Every structure is written in structure tokens, then in C-alpha cells.
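J.: A single structure is presented below for examination.
Protein chains: 2
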Amino acid sequence: MAPMGRPREFDAAKALDKALDVFWRHGYEGASISELTQAMGISPPSLYAAFGNKEKLFRAALDRYAEVRRQLWAELMQAPTARAMMEGLFERVIQFYAQEGNPNCCMLVKGTLTSGDCGQVIADHMSAKRAESEAMLLERFRKAKDEGELPVETDPADLAGYFMTVLDGLSIRAAAGAGREELQKIAYLAMRGWPA
Amino acid sequence: MAPMGRPREFDAAKALDKALDVFWRHGYEGASISELTQAMGISPPSLYAAFGNKEKLFRAALDRYAEVRRQLWAELMQAPTARAMMEGLFERVIQFYAQEGNPNCCMLVKGTLTSGDCGQVIADHMSAKRAESEAMLLERFRKAKDEGELPVETDPADLAGYFMTVLDGLSIRAAAGAGREELQKIAYLAMRGWPA
DNA sequence: AGACTTATATAACGACTGCTATAAAAATAC
DNA sequence: GTATTTTTATAGCAGTCGTTATATAAGTCT
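As you go down the protein sequences, you meet chains A and B in turn. So the first sequence is numbered by our numbering: it starts at 1 and just counts up by one. So the second sequence is numbered by our numbering: it starts at 1 and just counts up by one.
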């Protein structure tokens, strides 16, 4: 059943993906409404009718980003060993960052550093999404410890924090212009910290 | 001999340090002229007469930041072994980030992610400063390799890149709200990647 | 058909941005 | 003293920010 009134002429999901791309590349404050509307192919009133305001649009875009990321990570988590999972995760992340045309950083990293002044709401939202990703690593490491892949003296939480930190660092380095081989060498060294 | 004209009523060096603090916390675009002038205790015309414009002021503040950082690092580089140096560097950086009231991130990291749209000039300036720091690590690692502290199969450049990446990652994590103990555990794990 | 409801584009709002013209103040030069 | 030079604060420039009032277009409901 079609709703009353004039039907909207754009696909809200596709428009959200376009907005995500703009936020991803420029951050919250760096993305202007005019740039967003232009990328989304709609006019400001349509944006505000569909998404509320800039902050709500950003949160919706962030949710979308986190969902896509969660799905990708969920697949990678199924590698036979935690070590293979981590290597695969590095490989996948580096491939993305080094790909021409892609945003060469993690949106959560960029957002953490750029949305400090945009109100606590966005910062909290960002922290929650970061925690989700780290929780996936933590769970996988716990399982690996239970299965004997990791030594009993290993703290899965510390290990998850360490690899999240390296992943974040890679994001910075990619944003600074590092190429694929360079990032791969760093990931290789980071894996040397794997518990023996 | 005092110059002609009316003498300036503020200390340019102190004003620059105040500007550095504002840029450090809010990034280039996030720092407004009004906030800068307020922090520096001067009015806009004084700012423009003394520093040119916002971009030049930022570059001056960045130079100041890099100089202070370089001096601190130079001291730390003199530790008896490269490993002790690296541990000391982690300790010092973490202490700073975790200190209440301090900017809880590296200005070069924040700048790399926030000044992408502010013109290539600033981005290049940022890259140069990043390279300076990494070059100090590289030189110290080369020396360690020459002295036999590092195995012959170790690539000092890769190692420098790895530790820079971890340091950058710690900066992100501190900005995300991580405390001192958490950062220390990560640094401890990062040191496990030290060549055996 | 006409009433109602929703989406659309245009244009504009007040607030802020980086920056500067103007004029007064404070020093030296002659 | 008067002229010159530089710094100062006030006020305002044109432009952009996020957001919205207005009016028109495009649908469903009765």
C-alpha cells in the first residue's frame, strides 16, 4: 500500500550511502550540508525531512558504516585459527586502505579525532562502534585461548587492544600516504607480537 | 635599538604557544580565528600583522610543536640501548596522553586526518614533520644494528615504521578515552615484536 | 472533481567564517 | 613640536555554515 502524499523521488538507502562516503572522507565537521546534498542528489529540505538534521544523518551513516564493517569482520572471524584470522584481517584492511579511490582511513578513527567538539552524543556513538569491533576480536581470542591456541597466561582483552591499536595506526599511516607494501611490512612485524 | 613605530604589546612566542594549544586540541579547521585570538589575548589585526594568516600561523605552531617534540625525543634517544630508548619513549608518550588537561593525542596524527581538505601545503608540512620523527627512530635503530643490538636480518626502516604506527595507534586510543594502564599494556605487547 | 497529505525546489534566515578598512594610540625621527 | 611608522581595537566586509519558511508539484482519500 502506497502511503498518502507525494512519494519521495530518491532512494533513502542509496542517499545514505552517498552521505556516508562524504562523511568518511571529510569527517563530521568537514562535511558541509551543500556537499552532502550534492552527493546525495537531493535538496536540503529533502535531507532534513528524511534524516532530521546533520547530526542524525551522521549517526545514521555511522550505523551503516558499522554494519557493513561488522558483516565483513564476521566473515573473517571464521578463519580456522585466531592467528590466520588476524593475518586475514590485516590483509583485507590494508588492501582497502591502499586501493586508489577509497577513503584511506577508518571512519571511526577519523571520527574520534574530528568529532571531539561536535557534542558528546557523537563521541559516545563513536566509542560504542569502536567497542563493538574490539569485542569481536576479544571473543575470537577468548575462543582461541579456550581451544589452546593461545597460552593460558595470555590476556585476550590486552591482545585485542593491541591489535586494534595497530589497526588504528595503520589507518593513520595510510592517510599519511603509505603504500601497500609498507603497510604489509608493518603488519608482519605486528604479528611478531603474537603470543608464543 | 628599539624599532620605530608603536611597540607590540604581546609576546609573539607566548602567543604562538597559545595558538599551538588551540590547534592541537581542535585541529586546523576546528580552530577559529576568534578562539585563537581569545586564547592568544590579542585582536585579529594583531594576529594577521604578526603571523600573516591562519595557514601561516598554523605552520608556525606546527614548527613549534615539532621543535619541542624533537628536543624531547633527542634526549630519549640517548638511552644506552635502542630497546631501553623505545620503552622510555612509550612511557613518556603515555604519561603525556594520560595526563589530565593535556591534549590526548599527537598533533601530527590529528593534523594528518583533519587537514586533508585544507590544501596540499599543510598536508606536506605535516608529512615532513612526521618523517623527521621517524628518521630519528631509524637512525637510532641503524646505530643499534651496527652495534650488534639488533640482528643483521632486521630492517631498521621497517622497525621504525612499526613503532611509529603503534605510537600513532596509541594516540588514537588515548583520544578515544583509554587510561594509562590500558595504554601501558598495549605498549608492553608492542615491545614483544622486538627482534630477538 | 475537490480536500488532504507529503515531497520538492527556491530563497532566505541568523550566526559564524577568515579577513581587513578605518581610525585612534604609542613609539621614534627630525 | 611635527611628521612618520607601527600597533591597536572597533566595526564590518563578502562568503559559508546549518537550517527553515514559502510556495508549488504529485500523489492518496472521499
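Heads up, the beta-carbon is just placed ideally off N, CA and C, and yes, glycines get one too. Keep in mind that this is a model prediction, so the values were computed, not measured.
Which of helix, strand or coil does DSSP assign to A:Ser32?
T.: The residue given as residue 32 of chain A occupies position 32 in the first sequence. Reduced to three states, the DSSP call for A:Ser32 is coil.
J.: Taking its Cβ as the centre, do 16 or more other Cβ atoms sit within 10 Å of B:Thr114, making it buried, or is it exposed?
T.: Position 114 of the second sequence, counting from 1, holds the residue named residue 114 of chain B. Counting C-beta atoms within 10 angstroms of its own C-beta, B:Thr114 has 16 or more neighbours from the protein chains shown and is therefore classed as buried.
J.: Can you tell me whether B:Pro45 is buried or exposed? The criterion is at least 16 other CB atoms within 10 Å of its CB, across all chains shown.
T.: In the second sequence, counting from the first residue as 1, residue 45 of chain B sits at position 45. Burial call: exposed.
J.: Kindly list the residues whose CB is nearer than 7 Å to the CB of B:Val93, restricted to its own chain and excluding five residues on each side of it in sequence; keep chain order.
T.: As a working note, residue 93 of chain B is residue 93 in the second sequence. For B:Val93, where only same-chain residues beyond five positions count, the Cβ hits under 7 Å are Leu167 and Leu170.
J.: Taking only beta-carbon atoms, is A:Arg6 less than 8 Å away from chain B?
T.: To locate residue 6 of chain A, count along the first sequence from 1; it is residue 6. So no, A:Arg6 is outside the interface.
J.: Going along chain B in order, which residues have a C-beta closer than 7 Å to the C-beta of A:Asp11?
T.: Taking the first sequence and counting its residues from 1, the one referred to as residue 11 of chain A is at position 11. Here the premise fails: no neighbours, minimum Cβ distance about 28 Å.
J.: For the segment 72-133 of chain A, which segments carrying the alpha helix (DSSP H) assignment without a break, of at least 4 residues, lie completely within its bounds, in sequence order?
T.: Within the segment 72-133 of chain A, the complete alpha helix (DSSP H) segments of 4 residues or longer fall at 82-98 and 107-114, listed in chain order.
J.: Give a yes or no on whether 8 Å exceeds the smallest Cβ distance from A:Lys110 to chain B.
T.: Looking up residue 110 of chain A in the first sequence gives position 110. Yes, A:Lys110 counts as interfacial toward chain B.
J.: In terms of residues, what are the limits of the alpha helix (DSSP H) holding B:Asp158?
T.: Counting from 1 along the second sequence, the entry for residue 158 of chain B is found at position 158. Its alpha helix (DSSP H) spans residues Pro156 to Ala175.
J.: How is the alpha helix (DSSP H) around B:Pro45 delimited, first residue to last?
T.: Residue mapping note: residue 45 of chain B aligns to position 45 of the second sequence, counting from 1. Here the alpha helix (DSSP H) through B:Pro45 covers Pro44 to Phe51.
J.: With respect to the alpha helix (DSSP H) encompassing B:Asp4, which residues constitute its N-terminal and C-terminal limits?
T.: Within the second sequence, the letter at position 4 stands for residue 4 of chain B. According to the sequence shown, residue 4 of chain B is Met rather than Asp. DSSP places B:Met4 outside any alpha helix (DSSP H), giving it a letter other than H or E.
J.: Counting only beta-carbon atoms, is B:Ala128 nearer than 8 Å to chain A?
T.: As a first step, residue 128 of chain B must be located in the second sequence, where it is residue number 128. No, its Cβ sits nowhere closer than 8 Å to a Cβ of chain A.
J.: Ignore the nearest five residues each way along the sequence and tell me which others in B:Met85's own chain have a CB closer than 7 Å to its CB.
T.: Numbered from 1 along the second sequence, position 85 holds the residue referred to as residue 85 of chain B. Cβ within range, chain order: Leu76, Met77, Ala79 and Arg140.
J.: Residues of chain A with CB closer than 7 Å to the CB of B:Val166, please, in chain order.
T.: Mapped onto the second sequence, residue 166 of chain B falls at position 166. By Cβ distance, chain A contributes Thr165, Val166 and Gly169.
J.: Using CA coordinates, which residue listed in B:Gly177, B:Lys185 and B:Gly148 is at the minimum distance from A:Phe163?
T.: Taking the first residue of the first sequence as position 1, residue 163 of chain A is located at position 163. Among B:Gly177, B:Lys185 and B:Gly148, the Cα nearest to that of A:Phe163 is on B:Lys185.
J.: Whose CA, out of A:Phe23, A:Arg69, A:Trp24 and A:Ala15, lies closest to the CA of A:Leu47?
T.: Within the first sequence, residue 47 of chain A is the residue found at index 47, counting from 1. Checking every option, the nearest Cα to that of A:Leu47 belongs to A:Ala15.
J.: Mind listing the chain A neighbours of B:Ala135? Cutoff is C-beta to C-beta under 7 Å, in chain order.
T.: Position 135 of the second sequence, counted from the start, is the residue given in the question as residue 135 of chain B. Contact note: B:Ala135 does not reach chain A at a C-beta cutoff of 7 Å; the least C-beta distance is about 14 Å.
J.: If the cut is a Cβ gap below 7 Å, which residues of chain A does B:Ala175 touch?
T.: What you label residue 175 of chain B is simply residue 175 of the second sequence in a count that begins at 1. Within chain A, the residues near B:Ala175 are Thr112 and Leu113.
J.: Let me check understanding here. Comparing Cα to Cα, which of B:Leu108, B:Arg180 and B:Arg59 lies closest to B:Val130?
T.: Within the second sequence, the letter at position 130 stands for residue 130 of chain B. For the record, residue 130 of chain B in the displayed sequence is Arg; it is not Val. Answer by Cα proximity: B:Leu108.
J.: Take A:Ala12 and list the residues in its own chain whose beta-carbon comes closer than 7 Å to its own, dropping the five residues that flank it on each side.
T.: Along the first sequence, one-based indexing puts residue 12 of chain A at 12. Contacts found: Ala50.
J.: Is any beta-carbon of chain A found at less than 8 Å from that of B:Asp21?
T.: Here the question's residue 21 of chain B lines up with position 21 in the second sequence. Chain A contact via Cβ: absent.
J.: Below 8 Å on the Cβ atoms is my contact criterion, and I expect A:Leu183 with A:Tyr97 to pass it. Report the Cβ-Cβ distance as a whole number of Å.
T.: Position 183 of the first sequence, counting from 1, holds the residue named residue 183 of chain A. Position 97 of the first sequence, counting from 1, holds the residue named residue 97 of chain A. Indeed they touch by this definition, with Cβ atoms about 7 Å apart.
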